[in-house]
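K.L.:
Residue numbers (the working numbering): 164 to 400.
Cβ coordinates follow ideal geometry from the N, Cα and C atoms, glycine included.
Owing to the predicted nature of the structure, the values given are computational and were not obtained by experimental measurement.
Structure in structure tokens, see below.
Quick look at the structure:
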């Protein structure tokens, strides 16, 4: 019996684009103060360690939230899991812009953004599996991962330029906050859980219980068959 041909939907690139935008945004929010650390120290009248903490908090929170975030994405899907991260990015990014003159509030906003980050970054393999055929998944994951570096490059170049042109730190944070809201709304409007039909032929993919993956992984062939599990753990280290 011949198998029905796979139907691919061009909307998969729209979903990937929405993911790239929100991923670049969260990475931009991560390092907003890194390229202007000296200016930020003088503006907030705090010591250098406190400025570094605004970025370092992302690393600590990621270690704690990475596995729970992956569980949420795997259990409830990308629309709810990544959608939660997108909403948190928009809300905390905007609050960070509104209250940019208050270091304490900015720190709490950074913590909120740090919580959002794993809900976004950990979803790239899930999106590739749901929307892309097996021969395109490496490309989809590469583009989704590239978005992280795009956000980092943008913030490292753009922030000093904006300050040099006469904008204050609150002005810059508000610009990024508005950008975060736009990115979040764009994602929520464009995202769909999965296409009407699977992009894979029968037998190419199979679902594993989330907590059963470590055992499957250790037994041998899991390493090659379960890239989502590998992605979840690699981000922790």
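Going by DSSP, what residue range makes up the alpha helix (DSSP H) through residue 182?
P.N.:
Start and end: 174-193.
K.L.:
Do you know whose CA, among 234, 251 and 190, lies nearest residue 286's CA?
P.N.:
Checking every option, the nearest Cα to that of residue 286 belongs to 234.
K.L.:
Between 331, 183 and 281, which lies nearest to residue 264 when the distance is taken from Cα to Cα?
P.N.:
Closest option to residue 264, Cα to Cα, is 331.
K.L.:
So what's residue 342 in DSSP terms, helix, strand or just coil?
P.N.:
Helix, per DSSP.
K.L.:
What residue from 240, 311, 198 and 172 has the CA that sits closest to residue 324's CA?
P.N.:
For residue 324, the nearest C-alpha among the options comes from 198.
K.L.:
In its own chain, which residues sit with a C-beta less than 7 angstroms from the C-beta of residue 342, not counting the 5 before and 5 after it?
P.N.:
Within the same chain, residue 342 has close Cβ partners 188.
K.L.:
If you run the structure through DSSP and keep just helix, strand and coil, what is residue 327?
P.N.:
Helix, per DSSP.
K.L.:
Going straight from the alpha carbon of residue 218 to that of residue 170, what length do you get?
P.N.:
Looking at the two C-alpha atoms, the distance is approximately 43 angstroms.
K.L.:
By how many angstroms is the C-alpha of residue 284 removed from the C-alpha of residue 185?
P.N.:
Cα to Cα, the separation comes out at about 10 angstroms.
K.L.:
Would you tell me roughly how many angstroms separate the C-alpha atoms of residue 208 and residue 190, rounded to the nearest one?
P.N.:
Each residue's Cα considered, the two are about 25 angstroms apart.
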